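**Student:** Residue numbers (our numbering): 200 to 598.
Provided herewith is a single structure, encoded as structure tokens, for subsequent inquiry.
As structure tokens, this is what we get:
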């Protein structure tokens, strides 16, 4: 089992550093972290791709630090690098705009500042190379530092910590549904797609959340579920299942016991549940040949029975009686243009932070493309969506 005390990257504060080439962006990253995370050189464009590292950074705590390519990169390849750097903004909880203080703000810096503000990302402007000039920060979200001498690097970290504290996520996955002494049954199928010798992240996080709430849990596979339920002196407060087992689990769990899935819990946790619930019924309006995007936040080796690339397409075809054109993305990949798709089906997003999940959901809404997720669509196909939303009164009433 994964370490229950290790903070997943999706739950860490994502701090992304942006700026022009040779502004000292990578040097500032190294100075802030106290590590040589990024290669530093006088040659422009040394950072060619976003560099990402999860770490503990005092006084902030668990963070993900992201160094990006220069925003003024040139040429065909340079434009692709700039595009990747801009995409980092979609998952940044805090943006750090590094400017060469000896030069001042350029047109590119001002354009990036406007883009950061448009996306609503909290940010700090860092005027680097303070050792070479007498420039000063002009307002609360600016600070003059020297990556070379370390001047005001500590103060920069304190500013980052203050921003992180304001946006601190206090949401829980299912702890708010429980009272001390409650019992939860978790159904976790172990098949060819299950990681060897460990449990997947949503299962581990759910267990920790249950324990934090002062509740207890049983963890079982589908085949043992009936025996577990019969062996309990009192019915469990909730049964949470892996989405792909919904069809079997719904027949085992009595109607009086609330039932939901890990994927649905994570949709709520990431703030996309309402949109995903509304999007599920769009499957009824699909036309043969429509393009459907199935997107996963993690990158794993595809198995023969993979839920995203094999099982979901088969279930969708069987439910509708139609054939479609399926496209698949994983990890950080997500199309900028969503207009060609008739439906987007996303995983629970346990490996993506809340900001990126909400960006993907809002991008679909802007294009008028229905958006749902694995667990919600599978529950809909199995005719139990309303039941699977019973733990959440405000969403169950939507069905």
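A virtual CB, placed ideally from N, CA and C, is assigned to each residue, including glycine.
Given the structure is predicted, the values throughout are model-derived calculations rather than measurements.
What do you reckon, is the C-beta of residue 520 under 7 Å from a heavy atom of the ligand ADP?
**Tutor:** Because no ligand of any kind appears in the structure shown, any question about the ligand ADP cannot be addressed here.
**Student:** Whole angstroms is fine: what's the gap from residue 285's alpha carbon to residue 221's?
**Tutor:** So the alpha carbons of these two residues sit roughly 18 Å apart.
**Student:** Can you give me the start and stop residues for the beta strand (DSSP E) that residue 361 sits inside?
**Tutor:** Premise fails: residue 361 lies in the alpha helix (DSSP H), 352 to 365, not in any beta strand (DSSP E).
**Student:** In chain order, what residues of the same chain have a beta carbon less than 6 Å from the beta carbon of residue 206, not counting five sequence neighbours either side?
**Tutor:** Once the five neighbours on either side are set aside, the close Cβ partners of residue 206 are 261.
**Student:** Please go through the stretch 276 to 353 and give each complete alpha helix (DSSP H) segment of 4 or more residues, from N-terminal end onward.
**Tutor:** Runs of the alpha helix (DSSP H) inside the stretch 276 to 353: 306 to 317.
**Student:** Short of 7 Å in beta carbon distance, which residues of its chain neighbour residue 311, apart from the five on each side in sequence? Order them along the chain.
**Tutor:** Same-chain partners within the cutoff: 217, 270 and 296.
**Student:** Suppose you measure from the CA of residue 219 to the CA of residue 298; what does that come to, to the nearest Å?
**Tutor:** Using only the alpha carbons, I get a separation of about 7 Å.
**Student:** Straight-line CA distance for residue 426 to residue 417?
**Tutor:** Distance between the alpha carbons of residue 426 and residue 417 is about 12 Å.
**Student:** Are the stretch 343 to 361 and the stretch 399 to 413 touching, with three or more C-beta to C-beta distances below 8 Å?
**Tutor:** Segments in contact, no.
**Student:** Just how far apart, CA to CA, sit residue 349 and residue 399?
**Tutor:** Their Cα atoms are separated by approximately 41 Å.
**Student:** Please classify residue 211 as buried or exposed, where buried requires at least 16 neighbouring CB atoms within 10 angstroms.
**Tutor:** Burial call: buried.
**Student:** Suppose you measure from the CA of residue 455 to the CA of residue 474; what does that come to, to the nearest Å?
**Tutor:** Rounded to whole angstroms, residue 455 to residue 474 spans 27 Å at the Cα level.
**Student:** Using 10 angstroms around the beta-carbon of residue 336, count the other beta-carbons present and answer buried if the total reaches 16, otherwise exposed.
**Tutor:** Residue 336 is buried by the Cβ-count criterion.
**Student:** Can you list, in chain order, the residues of its chain whose CB lies under 8 Å from that of residue 283, leaving out five sequence neighbours each side?
**Tutor:** So the qualifying residues of the chain are 248, 249, 267 and 268.
**Student:** Using 10 angstroms around the beta-carbon of residue 169, count the other beta-carbons present and answer buried if the total reaches 16, otherwise exposed.
**Tutor:** Nothing about residue 169 can be read from this structure; the chain reaches only from 200 to 598.
**Student:** Distance, Cα to Cα, residue 466 vs residue 472?
**Tutor:** Each residue's alpha carbon lies about 5 Å from the other.
**Student:** Among the residues of its own chain, which have a CB less than 6 Å from the CB of residue 570, if the five just before and after it don't count?
**Tutor:** The answer, listed in chain order, is 474, 478, 543, 560 and 563.
**Student:** Please classify residue 567: does DSSP put it in a helix, a strand, or coil?
**Tutor:** DSSP places residue 567 in coil when its eight states are reduced to three.
**Student:** Looking at C-alpha atoms only, which residue of 545, 523 and 539 is the closest neighbour of residue 532?
**Tutor:** The shortest C-alpha separation from residue 532 is found at 545.
**Student:** Spatial neighbours of residue 588 within its chain, please: CB distance less than 6 Å, with the 5 preceding and 5 following residues excluded, ordered by chain position.
**Tutor:** 594 and 595.
**Student:** Alpha carbon to alpha carbon, how far is residue 444 from residue 577? Give it in angstroms, no decimals.
**Tutor:** Spanning the two alpha carbons is a distance of roughly 9 Å.
**Student:** Compare the beta carbon distance of residue 383 and residue 377 with 8 Å and say whether it is the shorter of the two.
**Tutor:** Contact: yes.
**Student:** Taking the C-alpha atoms as reference points, what is the distance between residue 328 and residue 343?
**Tutor:** When rounded, the distance between both Cα atoms is 8 Å.
**Student:** Spatial neighbours of residue 318 within its chain, please: CB distance less than 7 Å, with the 5 preceding and 5 following residues excluded, ordered by chain position.
**Tutor:** Closer than 7 Å at the Cβ level, and outside the excluded window around residue 318, lie 288.
**Student:** Please report the distance separating the alpha-carbon of residue 509 from that of residue 516.
**Tutor:** Taking the straight line joining both Cα atoms gives about 11 Å.
**Student:** My output table needs one value for residue 524: the three-state DSSP class, helix, strand or coil.
**Tutor:** Correct three-state label for residue 524: strand.
**Student:** Can you check which of these residues, 290, 256 and 436, is closest to residue 552 by C-alpha distance?
**Tutor:** With distances taken between Cα atoms, residue 552 lies closest to 290.
**Student:** By a C-beta neighbour count over all protein chains shown, 10 Å radius and 16 as the cutoff for buried, is residue 215 buried or exposed?
**Tutor:** Answer is buried; the Cβ neighbour count reaches 16.
**Student:** Between residue 457 and residue 557, what straight-line distance do the alpha-carbon atoms span, to the nearest angstrom?
**Tutor:** Residue 457 and residue 557: Cα-Cα distance of roughly 27 Å.
**Student:** What does a CB cutoff of less than 7 Å around residue 242 pick up in its chain, not counting 5 residues either side in sequence?
**Tutor:** Confidence at residue 242 is low in this model, with a pLDDT of 45, below 50, so its placement is unreliable and the value that follows should be read with caution. The answer is none, since no qualifying residue turns up.
**Student:** For residue 240, is the classification buried or exposed, using 16 other Cβ atoms within 10 angstroms of its Cβ as the cut-off for buried?
**Tutor:** Legend: pLDDT at residue 240 = 47, less than 50; position of this residue unreliable, value from coordinates given subsequently. Answer is exposed; the Cβ neighbour count stays below 16.
**Student:** Would you say residue 334 lies against chain C (beta-carbon separation less than 8 Å)?
**Tutor:** Of the chains in the structure shown, none is chain C; there is only one protein chain.
**Student:** Keeping to the same chain, check which residues put their C-beta closer than 8 Å to that of residue 388; ignore five residues upstream and five downstream.
**Tutor:** Taken in chain order, the residues that qualify are 420, 421, 441, 443 and 444.
**Student:** CB-CB under 7 Å to residue 584, same chain, minus the five flanking residues each way: which ones, in chain order?
**Tutor:** Within the same chain, residue 584 has close Cβ partners 479, 575, 578 and 598.
**Student:** Identify every run of the alpha helix (DSSP H) within the stretch 423 to 503, keeping only runs that are complete inside it and at least 4 residues long; order them along the chain.
**Tutor:** If we require 4 residues or more, the alpha helix (DSSP H) runs fully inside the stretch 423 to 503 come out as 445 to 451, 461 to 468 and 472 to 479.
**Student:** Just verifying my parser: in three-state terms, what is the DSSP assignment at residue 378?
**Tutor:** DSSP places residue 378 in coil when its eight states are reduced to three.
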